[in-house]
Amino acid sequence: MREVDPKETPRAYAFEMWMKAPMPMVTFFKTLDVSRLVKIGRKKNLKFNMLMCWCIGRAASQVKEFYMLPVGDKLIRYDSIAVNTIVANDKGEVSSCDIPFSDDLATFNADYLRLTRQVAETCENHDLTDSMVVGTSALARFGIDGAVGMYSGIFNNPFLIWGKYRKNWFQATLTVSFQFHHAQMDGAHAAMFLDLLKKEIDGL
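In my numbering, the protein residues as written are 505 to 708.
See the structure below:
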């Protein structure tokens, strides 16, 4: 990771316009057909949430805007991406777990299982400060229609939230919300990411 001059990047105008905005975050909603994730998860004994996180990492890694993030008043360029998940820990609370993205599903799954288990048992967050982290929060027991993330003014990371997927005959659908900082990307980049996410799910 390294600081870059916003004026020397395609985000120069957006950085100038949105860094001091009182609410620079934008949220999109999209309903995805996740039937393939459900089917493969059951067949291969893989966690649905892990598969979602891997597909998110795959899609994000194809959009160059994900590799730059406004941090404080600076623009930081990263060489790698991680996906965060929220873990129910052994104290009955929740902890945060960053998982390094790997294009290899088996590697990502092994890291996901190892790190989420570690975080659950130690009740300590696992943070990767040298990667651009895509946040996620899965409310898998609840059928929500959408959620808008909070803007703290501290964390500008892109963030996805979803609830329980819905079954209808042979189809399973999931509504996700995607929040992003406008200095990091424009609406077209966000929409492209969501289309890529759908493509990764369908092609798994």
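By construction, the Cβ of each residue, glycine as well, lies at the ideal position given by its N, Cα and C atoms.
At the level of alpha carbons, what is the spacing between Val542 and Thr640? Translated into the one-based positions of the sequence shown, residue 542 becomes position 38. Translated into the one-based positions of the sequence shown, residue 640 becomes position 136. Roughly 18 angstroms separates the two Cα atoms.
Cutting at 7 angstroms between CB atoms, please list the residues of its own chain near Ile705, excluding the five before and the five after it. Position 201 of the sequence shown, counted from the start, is the residue given in the question as residue 705. For Ile705, where only same-chain residues beyond five positions count, the Cβ hits under 7 angstroms are Leu536, Val538, Arg540, Leu541, Cys559.
Provide the residue(s) that pair with Cys601 in DSSP beta bridges, ordered along the chain. For the purposes of this step, residue 601 is identified with residue 97 of the sequence shown, where counting begins at 1. Thr589, His630.
For Val623 versus Val575, is the C-beta spacing smaller than 8 angstroms? Numbered from 1 along the sequence shown, position 119 holds the residue referred to as residue 623. Numbered from 1 along the sequence shown, position 71 holds the residue referred to as residue 575. It is not a contact, given that the beta carbons lie outside the stated cut-off.
Rounded distance between the beta-carbons of Ser565 and Ile585, thought under 8 angstroms: Looking up residue 585 in the sequence shown gives position 81. Looking up residue 565 in the sequence shown gives position 61. With a Cβ gap of about 5 angstroms, Ile585 and Ser565 count as contacting.
Between the alpha carbons of Gly596 and Tyr517, how many angstroms are there, rounded? What you label residue 596 is simply residue 92 of the sequence shown in a count that begins at 1. What you label residue 517 is simply residue 13 of the sequence shown in a count that begins at 1. Cα to Cα, the separation comes out at about 45 angstroms.
Here's the rule I'm using: 16 or more other beta-carbon atoms within 10 Å means buried, otherwise exposed. How should Ile648 be labelled? On the sequence shown, residue 648 is found 144 positions in, with the first residue counted as 1. Burial state of Ile648 is exposed, judged by a 10 Å Cβ sphere holding fewer than 16 other Cβ atoms.
Any chance the stretch 543–553 sits against the stretch 685–704, with 3 or more Cβ pairs inside 8 angstroms? no
Can you tell me where the beta strand (DSSP E) holding Asn661 begins and where it ends? As a position in the sequence shown, residue 661 is number 157, starting the count at 1. It is not in any beta strand (DSSP E) - Asn661 carries neither H nor E in the DSSP assignment.
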